[in-house]
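Right, one structure below, let's go through it.
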Amino acid sequence: PDSKNLATASWSGVCKLWSVPGSSLVCNLKGHEDRVSDIQYHPHSGITIGSSVDLATAGVDGTLRLWSLSEINQAKDEKMDTEKVTSTKKAMEEEEDEKEKKEGEDEEGGEKVPAIKAISVLKGHEDRLSRVAFHPSGNFIASSSYDATWRLWDLTVQKELLKQDGHAVGVYGLGFQSDGSVLATGDVGGIIRVWDLRSGRPVASLDGHVDNVLSIQFAPNGHNLATGSCDNSLRIWDLRKRRCAYTILAHSKLISNVCYHPNNGDFLLSSSYDNTVKIWSARDYQLINTLHGHEGRVMRVQMSADGKMIASTSFDRTWKLWMADED
Numbered sequence: 014p015d016s017k018n019l020a021t022a023s024w025s026g027v028c029k030l031w032s033v034p035g036s037s038l039v040c041n042l043k044g045h046e047d048r049v050s051d052i053q054y055h056p057h058s059g060i061t062i063g064s065s066v067d068l069a070t071a072g073v074d075g076t077l078r079l080w081s082l083s084e085i086n087q088a089k090d091e092k093m094d095t096e097k098v099t100s101t102k103k104a105m106e107e108e109e110d111e112k113e114k115k116e117g118e119d120e121e122g123g124e125k126v127p128a129i130k131a132i133s134v135l136k137g138h139e140d141r142l143s144r145v146a147f148h149p150s151g152n153f154i155a156s157s158s159y160d161a162t163w164r165l166w167d168l169t170v171q172k173e174l175l176k177q178d179g180h181a182v183g184v185y186g187l188g189f190q191s192d193g194s195v196l197a198t199g200d201v202g203g204i205i206r207v208w209d210l211r212s213g214r215p216v217a218s219l220d221g222h223v224d225n226v227l228s229i230q231f232a233p234n235g236h237n238l239a240t241g242s243c244d245n246s247l248r249i250w251d252l253r254k255r256r257c258a259y260t261i262l263a264h265s266k267l268i269s270n271v272c273y274h275p276n277n278g279d280f281l282l283s284s285s286y287d288n289t290v291k292i293w294s295a296r297d298y299q300l301i302n303t304l305h306g307h308e309g310r311v312m313r314v315q316m317s318a319d320g321k322m323i324a325s326t327s328f329d330r331t332w333k334l335w336m337a338d339e340d
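Heads up: the sequence shown at position 180 corresponds to 193 in the numbering used here, and the numbers run straight through without jumps.
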């Protein structure tokens with residue numbers, strides 16, 4: 014949210030935090046026992062002092078993990094303390110202490126970086142997790158899973174608050190409306206449901222996609238909803254009319270992620286397994302630009318909170334940072 018760091022997740026189960034725009038590795042996040050399917054920043058991370066949760070990750074291991082970046086400084090302090098103790102040891106003790114010192118840090122390209130652990134592991138889903146999304150207030154987090162449920166968790170007590178099994182098949186994409194009163198979920202069959210969080214009940218069902226709905230995001234205006242699917246289409250829904258307002262045959266392969274400009278929603282981004290990221294006008298849904306450069310499937314695209322940077326991650330094992338043209 015402060016546009017100073019970028020978090021990436023991988024199929025190895027290890028997540029990484031990078032500085033931007035410098036792209037230096039800050040730390041590794043270790044704990045998942047299988048692929049990490051999603052990673053999200055807390056809306057107040059880096060903005061509110063003393064925020065206890067900075068990141069959340071969803072794993073194929075069926076867990077939702079919460080991370081605090083304050084653990085980075087703690088890991089550094091522990092390293093310094095260990096080094097001080099080591100200097101007073103005898104030769105045989107120094108060798109043993111060296112092993113202990115290396116716990117909590119990794120070596121990347123000859124440089125040692127902190128390796129931190131999750132501060133909390135939330136369990137309850139009976140199958141792999143697909144996506145996570147923080148409530149705009151920062152007090153709650155939602156998760157979707159192949160167990161055909163989505164769940165709402167209270168971050169204060171770190172316990173499950175709501176379990177909803179309104180889908181007949183696995184749930185994948187999900188996203189909160191900007192005011193936090195509504196949540197939208199999409200399943201692997203192409204059905205989208207819109208939920209009133211006050212009652213926990215569905216208030217709308219949107220049909221149109223014919224394959225897995227991988228990504229969902231509300232526009233800042235609160236009544237438009239963008240969805241990306243394995244059917245290669247990007248759809249814009251008008252919740253006031255409860256129907257699809259526009260369909261964009263956006264890519265030649267599945268759409269892995271969609272996101273609006275975070276401030277004004279004037280344009281939206283889509284990433285695809287066709288190795289590209291595309292920028293669309295949110296006014297007339299015309300193509301503005303296509304970003305080429307990845308040599309493999311583009312798994313995710315996001316825009317920085319200030320709207321000046323676009324980050325994309327790919328199956329080619331790279332992430333790229335795209336800067337807005339000042340002209």
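In this text, a Cβ means the ideal position worked out from N, Cα and C, and glycines have one as well.
All values reported here derive from a predicted model rather than from experimental measurement.
What's the gap between the Cα of residue i and the Cα of residue j?
{"i": "TRP80", "j": "PRO127", "result": "13 Å"}
{"i": "VAL66", "j": "ASN277", "result": "27 Å"}
{"i": "GLY309", "j": "SER212", "result": "43 Å"}
{"i": "TYR54", "j": "LEU252", "result": "26 Å"}
{"i": "LEU262", "j": "MET322", "result": "25 Å"}
{"i": "LYS333", "j": "ALA20", "result": "12 Å"}
{"i": "ASP220", "j": "ILE205", "result": "7 Å"}
{"i": "GLY193", "j": "ARG313", "result": "23 Å"}
{"i": "GLY203", "j": "SER157", "result": "14 Å"}
{"i": "ARG78", "j": "CYS28", "result": "11 Å"}
{"i": "ASN302", "j": "PRO14", "result": "25 Å"}
{"i": "LYS254", "j": "ARG144", "result": "27 Å"}
{"i": "GLY44", "j": "ASN18", "result": "20 Å"}
{"i": "SER284", "j": "LEU196", "result": "22 Å"}
{"i": "ALA131", "j": "LEU281", "result": "32 Å"}
{"i": "SER16", "j": "GLY35", "result": "12 Å"}
{"i": "ARG351", "j": "ALA232", "result": "Absent from the model: residue 351. The displayed extent of the chain is 14 to 340, so no value can be given."}
{"i": "MET105", "j": "LEU168", "result": "Unreliable positioning characterises MET105 in this predicted model, as indicated by a pLDDT of 45, which lies under 50. The coordinate reading is nonetheless provided below. Distance between the alpha carbons of MET105 and LEU168: 45 Å."}
{"i": "GLU364", "j": "ILE129", "result": "No statement about residue 364 is possible, as the shown extent of the chain runs from 14 to 340 and does not include it."}
{"i": "TRP268", "j": "ASP224", "result": "Position check: residue 268 holds Ile in this sequence, whereas Trp was assumed. Straight-line Cα distance between these residues: approximately 11 Å."}
{"i": "LEU210", "j": "ARG330", "result": "38 Å"}
{"i": "VAL207", "j": "SER218", "result": "6 Å"}
{"i": "ILE85", "j": "ASN41", "result": "9 Å"}
{"i": "PRO215", "j": "LYS125", "result": "49 Å"}
{"i": "SER327", "j": "HIS307", "result": "7 Å"}
{"i": "MET336", "j": "ASP287", "result": "21 Å"}
{"i": "ALA69", "j": "HIS222", "result": "28 Å"}
{"i": "GLU107", "j": "ALA324", "result": "Unreliable placement is indicated for GLU107, whose pLDDT of 47 sits below 50; the coordinate value is still reported in the next sentence. Looking at the two C-alpha atoms, the distance is approximately 43 Å."}
{"i": "TYR159", "j": "GLY137", "result": "12 Å"}
{"i": "ARG296", "j": "ASN237", "result": "12 Å"}
{"i": "ALA318", "j": "VAL201", "result": "29 Å"}
{"i": "TYR185", "j": "THR240", "result": "11 Å"}
{"i": "VAL49", "j": "SER23", "result": "6 Å"}
Can you round the beta-carbon distance between residue i and residue j to whole angstroms, since I take them to be within the 8 Å contact cut?
{"i": "GLN315", "j": "VAL271", "result": "Wrong, their Cβ atoms sit about 10 Å apart, outside the cutoff."}
{"i": "SER242", "j": "LEU227", "result": "6 Å"}
{"i": "TRP163", "j": "LEU174", "result": "That belief does not hold up - the Cβ atoms of TRP163 and LEU174 are roughly 12 Å apart, past 8 Å."}
{"i": "ASP190", "j": "GLY235", "result": "Correcting the residue type first, residue 190 is Gln in the shown sequence and not Asp. About 6 Å; that satisfies the 8 Å criterion."}
{"i": "SER37", "j": "TRP31", "result": "7 Å"}
{"i": "THR289", "j": "HIS274", "result": "Wrong, their Cβ atoms sit about 19 Å apart, outside the cutoff."}
{"i": "GLY75", "j": "LEU142", "result": "6 Å"}
{"i": "ASP51", "j": "ALA71", "result": "4 Å"}
{"i": "ALA155", "j": "GLY183", "result": "15 Å between Cβ atoms; not a contact."}
Start and end of the beta strand (DSSP E) containing residue i?
{"i": "TYR259", "result": "256–261"}
{"i": "VAL27", "result": "Element bounds for VAL27: n/a, residue is neither H nor E."}
{"i": "ALA232", "result": "Careful: ALA232 lies outside any beta strand (DSSP E) and carries neither H nor E."}
{"i": "PHE280", "result": "280–285"}
{"i": "ASP167", "result": "163–167"}
{"i": "LEU142", "result": "142–147"}
{"i": "MET159", "result": "According to the sequence shown, residue 159 is Tyr rather than Met. Premise fails: TYR159 is in no beta strand (DSSP E) and is neither H nor E."}
{"i": "LEU219", "result": "214–219"}
{"i": "GLY186", "result": "184–189"}
{"i": "GLN315", "result": "311–316"}
{"i": "ALA197", "result": "195–200"}
{"i": "LYS266", "result": "It is not in any beta strand (DSSP E) - LYS266 carries neither H nor E in the DSSP assignment."}
{"i": "VAL33", "result": "From DSSP, VAL33 is part of no beta strand (DSSP E); its letter is neither H nor E."}
{"i": "GLY204", "result": "In the sequence as presented, Gly is not what sits at residue 204; that position holds Ile. Counting along the chain, ILE204 falls outside any beta strand (DSSP E), and DSSP gives it neither H nor E."}
{"i": "ARG248", "result": "247–251"}
{"i": "LYS43", "result": "38–43"}
{"i": "VAL290", "result": "290–294"}
{"i": "ASN152", "result": "First-last for ASN152: undefined, no H or E at that position."}
{"i": "ASN18", "result": "18–21"}
Checking the sheet assignment: what are the DSSP bridge partners for residue i?
{"i": "THR331", "result": "Answer is none; THR331 lacks a bridge partner."}
{"i": "GLU173", "result": "TRP166"}
{"i": "GLN53", "result": "ALA69"}
{"i": "LEU135", "result": "LEU77"}
{"i": "LEU300", "result": "TRP293"}
{"i": "CYS272", "result": "LEU282"}
{"i": "GLY241", "result": "SER228, LEU247"}
{"i": "SER325", "result": "VAL314, LYS333"}
Does residue i have its Cβ less than 7 Å from a Cβ in chain D?
{"i": "SER50", "result": "Of the protein chains in this structure there is only one, and it is not chain D."}
Exercise for the section: Answer yes if the region 173–180 comes into contact with the region 142–150, meaning at least three C-beta pairs across the two stretches below 8 Å, and no otherwise. Expected result: No, they do not touch.
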